[in-house]
Amino acid sequence: MQIDLPVVWAVIIGLGVFIYVTLDGFDLGIGLLFPFFESKNDRQVMLNTVAPVWDGNETFLVLGGAALYGAFPIVYSTLLPANYLPLILMVIGLIFRGAAFELRAKANRTQHAWDLAFMGGSGLAAFCQGIVLGSLLQGIKISDGRFVGGSFDWLSPFSLFCGIGVVITYATLGCGWLILKTEGDLQRNMRRLMRPLVCVLFGAIVLVSLWTVIGLPAVSYRWFGSGNLGYFAPVPILVVACVWGICRAVRLEHEATPFVLTLALCFLGYSGLIISIWPNIVPPRLTIWEASSSHSSQLFALIGTVIILPIILVYNAMQYRVFHGKVTEKDAGYH
Numbered sequence: 033m034q035i036d037l038p039v040v041w042a043v044i045i046g047l048g049v050f051i052y053v054t055l056d057g058f059d060l061g062i063g064l065l066f067p068f069f070e071s072k073n074d075r076q077v078m079l080n081t082v083a084p085v086w087d088g089n090e091t092f093l094v095l096g097g098a099a100l101y102g103a104f105p106i107v108y109s110t111l112l113p114a115n116y117l118p119l120i121l122m123v124i125g126l127i128f129r130g131a132a133f134e135l136r137a138k139a140n141r142t143q144h145a146w147d148l149a150f151m152g153g154s155g156l157a158a159f160c161q162g163i164v165l166g167s168l169l170q171g172i173k174i175s176d177g178r179f180v181g182g183s184f185d186w187l188s189p190f191s192l193f194c195g196i197g198v199v200i201t202y203a204t205l206g207c208g209w210l211i212l213k214t215e216g217d218l219q220r221n222m223r224r225l226m227r228p229l230v231c232v233l234f235g236a237i238v239l240v241s242l243w244t245v246i247g248l249p250a251v252s253y254r255w256f257g258s259g260n261l262g263y264f265a266p267v268p269i270l271v272v273a274c275v276w277g278i279c280r281a282v283r284l285e286h287e288a289t290p291f292v293l294t295l296a297l298c299f300l301g302y303s304g305l306i307i308s309i310w311p312n313i314v315p316p317r318l319t320i321w322e323a324s325s326s327h328s329s330q331l332f333a334l335i336g337t338v339i340i341l342p343i344i345l346v347y348n349a350m351q352y353r354v355f356h357g358k359v360t361e362k363d364a365g366y367h
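Under the working numbering, the first residue of the sequence shown is numbered 33, with each subsequent residue one higher.
Written out as structure tokens, the structure reads:
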């Protein structure tokens, strides 16, 4: 039996992107929540919850980019030129966020400036990731395997709103993470913040969903014209159930449930995206089979991935296992 390598690679890249969004999402979300907490102690505790793991979270961004280059070079060579500016700004945001992690702990007089860098870098990276997502959903102009659109095709009301949606998503993830990892007044403040955040996130999900269905005929047909609505219907139903579950968990002062259900909400949103564009990897017409590299190239890269990917997953799991539990003001700061 011959393995359909483009499908295998689509699953690997999709998994890597989803893991990146969930893991780096909550530590970017902490930067987005910084403006709501001016206390130095609160901010230090918030940083300490992700200090041991934040840089490992970005491993999956590298994995996704490298895998995309090896398995689907046409996508790599069209998605990047179509989104040069937001991708460059995203990298700049990640650099400022990373530098703020390292330098804030050493700074005295300039700590406030590094707090601003941490907040700005986190917000810029999250917003630009959403813009790239919106640009992908609305379609990229391709001819003969090359990008033929303009430098600012990514700039549209839809892509900008998708940027705002990703910012809200990451802030909600960060809030759920901090409910799990903190205690006392900081945890109580996070609980108060979680309910309005998840309600705003639900509104953003609804608006983006309606926008894509109304504005993108291919997505509308995929959901309502292909005869598969019965299979897809559980996704929006489960989204509503997750939002209700998060609000209930916050009211009952559960600690892990809000974060777990927010992860589930992200998974459902990601599932809706896959449903909307599959089997296209670059809407509206470029499929995973048309965009794939040669069979031998994909097979060679797959052998290396089968060896490396389990190692990455194991060491990431180990770091979360080692640094599990609550973080308090008494814990050492980031060094």
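For every residue, glycine included, the Cβ atom is placed at its ideal position computed from N, Cα and C.
Check: In angstroms, rounded to a whole number, what distance separates the CA positions of residue 316 and residue 110?; Outcome: 13 Å
Check: DSSP state of residue 318, grouped into three classes?; Outcome: strand
Check: If residue 178 sits next to residue 157, beta carbons under 8 Å apart, how far is it from one beta carbon to the other, in whole angstroms?; Outcome: The Cβ separation is near 28 Å, so there is no contact.
Check: For a test of the three-state rule: what should DSSP assign to residue 175, helix, strand or coil?; Outcome: strand
Check: How long is the line joining the alpha carbons of residue 200 and residue 167, rounded to whole angstroms?; Outcome: 18 Å
Check: Taking DSSP's pairing of strands, which residues face residue 312 in a bridge?; Outcome: 319
Check: In this structure, how does DSSP classify residue 145 when only helix, strand and coil are distinguished?; Outcome: helix
Check: Please classify residue 170 as buried or exposed, where buried requires at least 16 neighbouring CB atoms within 10 angstroms.; Outcome: buried
Check: What is the DSSP secondary structure of residue 134, counted as helix, strand or coil?; Outcome: helix
Check: Compare the beta carbon distance of residue 41 and residue 99 with 8 Å and say whether it is the shorter of the two.; Outcome: yes
Check: With H, G and I counted as helix, E and B as strand and the rest as coil, what does DSSP make of residue 35?; Outcome: coil
Check: Can you have a look at residue 94 and say buried or exposed, based on whether 16 or more other CB atoms are within 10 angstroms of its CB?; Outcome: exposed
Check: In the DSSP assignment, find the alpha helix (DSSP H) that holds residue 73 and state where it starts and stops.; Outcome: 72 to 80
Check: What is the rounded straight-line gap between the Cα of residue 57 and the Cα of residue 332?; Outcome: 31 Å
Check: Using the beta-carbon count (16 or more within 10 Å), is residue 107 buried or exposed?; Outcome: buried
Check: What does a CB cutoff of less than 6 Å around residue 55 pick up in its chain, not counting 5 residues either side in sequence?; Outcome: 89
Check: Out of curiosity, what's the CA-to-CA distance linking residue 243 and residue 138?; Outcome: 46 Å
Check: For residue 313 and residue 37, what's the separation of their Cα atoms in angstroms?; Outcome: 14 Å
Check: The ligand MG and residue 297: does any heavy atom of the ligand fall closer than 7 Å to the residue's C-beta?; Outcome: This structure lacks the ligand MG, and indeed carries no ligand of any kind.
Check: Can you find the residues in the same chain that come closer than 8 Å, C-beta to C-beta, to residue 307, ignoring five residues on each side of it along the sequence?; Outcome: 254, 255, 264, 267
Check: If you run the structure through DSSP and keep just helix, strand and coil, what is residue 89?; Outcome: helix
Check: Within the same chain, show all residues whose beta-carbon is closer than 8 Å to that of residue 359, passing over the 5 residues directly before and after it, in chain order.; Outcome: 77, 80, 81, 213, 214
Check: Round the Cβ separation of residue 163 and residue 186 to the nearest angstrom and send it over; I've been treating them as touching at under 8 Å.; Outcome: 6 Å
Check: Consult DSSP for residue 201 and reduce its assignment to one of helix, strand or coil.; Outcome: helix
Check: From which residue to which residue does the alpha helix (DSSP H) around residue 241 run?; Outcome: 216 to 247
Check: Can the beta-carbon of residue 203 be found less than 8 Å from the beta-carbon of residue 64?; Outcome: yes
Check: Please report the distance separating the alpha-carbon of residue 227 from that of residue 278.; Outcome: 8 Å
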